[in-house]
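*Asks:*
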Amino acid sequence: MKNRVHVPVVQARTWFAVGKKAEKLIDEQYPRLQRIPGPFPIEKFIEFRLRKTFGFEYAVKALPDGLEAMTVLRKKIMIFSEETWEGLRAGTPRARFTAAHEVGHVSLHVKDLGPQILENRGVLTLKRGNIPPYRDPECQANAFAAALLMPTYHMEKLLKERKGPQEVCEIFNVSLEAACYRIGNIEKYLK
Numbered sequence: 082m083k084n085r086v087h088v089p090v091v092q093a094r095t096w097f098a099v100g101k102k103a104e105k106l107i108d109e110q111y112p113r114l115q116r117i118p119g120p121f122p123i124e125k126f127i128e129f130r131l132r133k134t135f136g137f138e139y140a141v142k143a144l145p146d147g148l149e150a151m152t153v154l155r156k157k158i159m160i161f162s163e164e165t166w167e168g169l170r171a172g173t174p175r176a177r178f179t180a181a182h183e184v185g186h187v188s189l190h191v192k193d194l195g196p197q198i199l200e201n202r203g204v205l206t207l208k209r210g211n212i213p214p215y216r217d218p219e220c221q222a223n224a225f226a227a228a229l230l231m232p233t234y235h236m237e238k239l240l241k242e243r244k245g246p247q248e249v250c251e252i253f254n255v256s257l258e259a260a261c262y263r264i265g266n267i268e269k270y271l272k
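Residue numbering for the sequence shown follows the working numbering, beginning at 82 and increasing consecutively.
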């Protein structure tokens, strides 16, 4: 089913470059998190710093079933479903990842897609299965979210200390699935 969805092709980026972009946001907005591993305050960032940092607003609205959130570049707005926003307010790991994913779209893709969208120029879209992951905006936004919520510099240290997925979940308030996926990617990088 994923292969039927058309998405825009974006600038090629390495996962390292995507991670550095996320870590730059941490460093600029919450420098304390450079020194002390802990949950990135994604809800507070969206509520109080999204507009100043990126010029985007956010809204909570009813969205079609199965759609947790979306970013509308043309209108400079990030929209969350009511359920996702409630989860974000409660600190639910899934909602936190969804919010970080949307911040990834804003951070990474406004320069890629914004001008074409604002000028009503065509944006190349392809079936997801026909786009390499490093040019797929959804893959890039997921990589950004993982790096924002579980920064590489802390993950490397935790893995050297032999911390496992459960400890990563507790430290960063992420889901077990996200922690396992991130650990696997960091371990590939460390080899």
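Note that beta-carbon positions come from the ideal geometry of N, C-alpha and C, so glycine has one too.
#1: Are any of the Cβ atoms in chain D nearer than 8 Å to that of Lys241?
#2: Please tell me whether Val187 and Phe135 are closer than 8 Å, where the distance is taken between their beta carbons.
#3: Since Pro246 and Ala224 should fall inside the 8 Å C-beta cutoff, what is the C-beta to C-beta distance between them, to a whole number of angstroms?
#4: For Met159, list the residues DSSP reports as bridge partners.
#5: Could you tell me whether the segment 105–120 touches the segment 137–144, using the rule of 3 or more Cβ pairs below 8 Å?
#6: Give the single residue among Ile160, Arg155, Lys156 whose Cα lies nearest to the Cα of Leu148.
#7: Hey, Pro122 and Ile252: beta-carbon distance below 8 Å or not?
*Replies:* Reading from the atomic positions:
#1: Although the question refers to chain D, the structure presented lacks it and comprises just one protein chain.
#2: To locate residue 187, count along the sequence shown from 1; it is residue 106. To locate residue 135, count along the sequence shown from 1; it is residue 54. Yes, these two residues count as a Cβ contact at 8 Å.
#3: By one-based count along the sequence shown, residue 246 stands at place 165. By one-based count along the sequence shown, residue 224 stands at place 143. Actually they do not touch by this definition, with Cβ atoms about 18 Å apart.
#4: Residue mapping note: residue 159 aligns to position 78 of the sequence shown, counting from 1. Answer is Tyr139, Thr152.
#5: Because the criterion of three Cβ pairs below 8 Å is not met, the segment 105–120 and the segment 137–144 do not touch.
#6: Translated into the one-based positions of the sequence shown, residue 148 becomes position 67. For Leu148, the nearest C-alpha among the options comes from Ile160.
#7: Here the question's residue 122 lines up with position 41 in the sequence shown. Here the question's residue 252 lines up with position 171 in the sequence shown. Contact flag unset, no.
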